Each structure stands twice: as structure tokens, then as C-alpha cells.
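For the sequence shown, the residue numbers in full-length UniProt numbering are 1 to 235. Where a beta carbon is used, it is the ideal one built from N, C-alpha and C, also for glycine. The structure presented is a predicted model; accordingly, all values stated were derived computationally and were not measured.
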Amino acid sequence: MRIVWLYPDLLSTYGDRGNLLVLAHRARARGIDVEPMQVRSDQRVPHTADMYLIGGGEDGPQAVAADRLLQDGALNRAAEAGKPILAICAGYQLLGSSFYANGRAYEGLNILDLRSDRGPSRAVGEIAGDAAPQLGIGKITGFENHGGRTHLGEAVQPLARVTAGIGNDGATEGAWAGHVIGTYMHGPGLARNPRLADLLLAWAIGADPSHLPPIDDTWPERLRTERFQALSTAQ
Numbered sequence: 001m002r003i004v005w006l007y008p009d010l011l012s013t014y015g016d017r018g019n020l021l022v023l024a025h026r027a028r029a030r031g032i033d034v035e036p037m038q039v040r041s042d043q044r045v046p047h048t049a050d051m052y053l054i055g056g057g058e059d060g061p062q063a064v065a066a067d068r069l070l071q072d073g074a075l076n077r078a079a080e081a082g083k084p085i086l087a088i089c090a091g092y093q094l095l096g097s098s099f100y101a102n103g104r105a106y107e108g109l110n111i112l113d114l115r116s117d118r119g120p121s122r123a124v125g126e127i128a129g130d131a132a133p134q135l136g137i138g139k140i141t142g143f144e145n146h147g148g149r150t151h152l153g154e155a156v157q158p159l160a161r162v163t164a165g166i167g168n169d170g171a172t173e174g175a176w177a178g179h180v181i182g183t184y185m186h187g188p189g190l191a192r193n194p195r196l197a198d199l200l201l202a203w204a205i206g207a208d209p210s211h212l213p214p215i216d217d218t219w220p221e222r223l224r225t226e227r228f229q230a231l232s233t234a235q
């Protein structure tokens, strides 16, 4: 399995490389060979990967990343081919029709039916929610740090309904359509949400997530329990 982490030179401000490490670990624990690839912004995006990851970043790098991905075109073709894509924060925003950076609106990749602009305040802190039942991943937990608000169109569904934090707008968090998932969850998100990681792996190999061999999730579950307990105490 080839997992591509896109533009680490531009979009890796908040430790989202952890998602790549989590996916590689969970695949190898099940006997799946993994080739993690880091593709910088001056390189062509490969067409032959099985999954694509995009992390978070600041306004300037986000705008540069969107422009180069638009020129490259490979990520749009990957989405059309049904390849799994996980995009975090700034990476999530640039999958939509437009996003706001450097004081103005920029064109996005139009992979997801959504647009992003600036919110009245910065969203910083723990985020949690009840994920879309169709995904079968239960509750989600992560850390958000963004100034944007994201407005979903009719062709996408929310990744989750918010129970703590802001996410898109205080009511919903993230979005998904087909095999593309966008979210504001840092953390990294997949370390806190192993069922989401397994969903992406299952999509990549064309399997039912319930058919993946079980692995030891003692530590991820301890992390999840601690984060949900911390939220409960704070409230």
C-alpha cells in the first residue's frame, strides 16, 4: 500500500504527520506492506498511490498548496477514482470551492461541496462529536486550532455532530463524500480515532472495515477515555 503525505514542506504545522505513522502501523500490524511517501510541493503528485493525506498549515502555505494542487490535477483525479483522501484543517478547507486566507478568498480544488470563510473568533481546544452513523466509527475526539468556518453543500455530509468545540460552525464537524474525509481534528486525529484509521485502510484495500483483523488498541482506547473524561470534567 502506498500512502502519500502531500506537501509536508507547506502543510505540517500541527503534527499531522502522525496520521501517516498511525496508518502505517495499523496496516503493518495486519501484515500489509506499506510504502509511506512524502511528496513536497515542488514534486509531481503520483497517480498510483492508494491513499492521500494533507495536513494543516498557515494562510500563506495553504494558498500556495491550493494553487500547486490545482495546477497538478492529480489529487482531483485520485478523488474521482475513489482513492481515500484524509485532509486536516487547512488541507480540509482547500478541498472545497473556496477558502479565506491572507485577507481574501482563494479558489479551492472543488473536491468536496463546501466553502470556508473566517469566523467571529478562533476555535482552539478539544473537539468531540458523534460521527455519521453510515461510517460506523462511533464518537470522535481531536484538537482544533483554526479561525475558519466551513459551510457544507448538499453533496457532502458532516463527518460528525459536535458535542464539544466548534468544528465547522459549532453544530457540525468535518465533511465526507465517497472516500474523501475532511476534518478540523488535529491530535493527530487518527491516533485518537483508530476506527477512522481502519475505515480509511479498508477503503484503500477494498475491504469491509469489520473484516480487518483485530489489533491491540489498549493505548488508543486509554487515550480516548482520558480525552473524553477531561471534556466531561471541564463541562
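Same chain only: Cβ atoms within 7 Å of residue i, ignoring 5 sequence neighbours per side
i, result
"LEU20", "ILE3, TRP5, PRO36, LEU53"
"ASP198", "ARG26, PRO209, LEU212"
"ARG28", "VAL34"
"ILE215", "ARG26, ALA29, ARG30"
"ARG224", "THR141, ARG192"
"LEU231", "GLU126, ALA128, ALA164"
"GLY91", "LEU11, ILE54, GLY55, GLY56"
"ALA204", "MET1, ASP50, MET51, PRO84"
"ASN76", "LEU109, ILE111"
Nearest residue (CA-CA) to residue i, options the options
i, options, result
"GLN229", "ALA164, LEU200, THR172, LEU190", "ALA164"
"ARG122", "ILE205, SER12, LEU11, THR150", "THR150"
"GLY182", "SER41, ASP217, PRO220, LEU109", "LEU109"
"MET1", "TYR14, GLU173, PHE143, ASP33", "ASP33"
"HIS146", "GLN93, GLY136, TYR106", "GLN93"
"ASP59", "GLY174, TYR106, ARG161, ALA49", "TYR106"
"ARG161", "GLY31, TYR184, ALA132", "ALA132"
"ARG44", "THR225, LEU23, ARG118, ASP72", "ASP72"
"GLY189", "GLU173, ALA204, HIS179", "GLU173"
"VAL180", "VAL22, ALA78, GLU226", "ALA78"
"GLY136", "TYR184, LEU200, LEU86, VAL22", "LEU200"
Classification of residue i by the beta-carbon crowding that lies within 10 angstroms, buried from 16 upward
i, result
"VAL124", "exposed"
"GLN62", "buried"
"ARG115", "buried"
"ALA171", "exposed"
"residue 274", "The requested residue 274 does not occur in the structure, where the chain is confined to residues 1 to 235."
"ASN102", "exposed"
"PRO120", "exposed"
"GLY56", "buried"
"GLY141", "The amino acid at residue 141 is misidentified as Gly; the sequence shows Thr. THR141 is buried by the Cβ-count criterion."
"GLY206", "exposed"
"GLU144", "buried"
"GLY138", "exposed"
"ALA49", "buried"
"residue 236", "Lying outside 1 to 235, the shown extent of the chain, residue 236 is not represented and no answer is given."
"residue 239", "The structure shown does not extend to residue 239, since the chain spans only 1 to 235, so no value can be given for it."
"ASP16", "buried"
Close Cβ partners of residue i (< 6 Å) along its chain, the five nearest in sequence each way excluded
i, result
"PRO8", "GLN38"
"HIS47", "ALA74"
"ALA65", "TYR7, LEU10, LEU11"
"ASN168", "THR150"
"LEU152", "LEU114, ALA175"
"PRO220", "PRO194"
"ARG68", "SER41"
Spatial neighbours of residue i in its chain, beta-carbon cut-off 8 Å, leaving aside the 5 residues before and after
i, result
"HIS211", "ALA202"
"ALA177", "LEU112, ASP113, ALA155, VAL156, GLN157"
"LEU70", "GLU107, LEU109"
"HIS186", "TYR14, GLY15, ASP16, GLY56, ILE88, CYS89, GLY142, PHE143, GLU144, ASN145"
"ARG118", "TYR100, GLY147, GLY148, ARG149"
"ASP217", "PRO194"
beta-carbon residue i near the ligand HEM non-hydrogen atom, thresh 7 Å
i, result
"ASP50", "The ligand HEM is not part of this structure, which contains no ligands at all."
Quiz item: Can we say the region 93-102 touches the region 126-141, given the rule of at least three CB pairs closer than 8 Å?
Solution: Flag = no, the region 93-102 and the region 126-141 do not touch.
Quiz item: In the region 116-156, which residue ranges form an unbroken beta strand (DSSP E) of at least 3 residues, counting only runs that do not cross its ends?
Solution: The qualifying runs are 139-152.
Quiz prompt | Within the region 148-207, ranges of the alpha helix (DSSP H) (whole runs, at least 4 residues) | solution = If only uninterrupted alpha helix (DSSP H) runs of at least 4 residues are considered, those enclosed by the region 148-207 are 189-192, 194-205.
Quiz prompt | Runs of alpha helix (DSSP H) lying entirely within the region 67-121, each at least 4 residues, in chain order | solution = Those alpha helix (DSSP H) runs which fall completely within the region 67-121 and span 4+ residues are 74-80, 90-93.
Practice problem: Taking only runs that begin and end inside the region 33-68, name each unbroken beta strand (DSSP E) of 3 or more residues, in chain order. | Solution: Here the runs fully enclosed are 35-39, 51-54.
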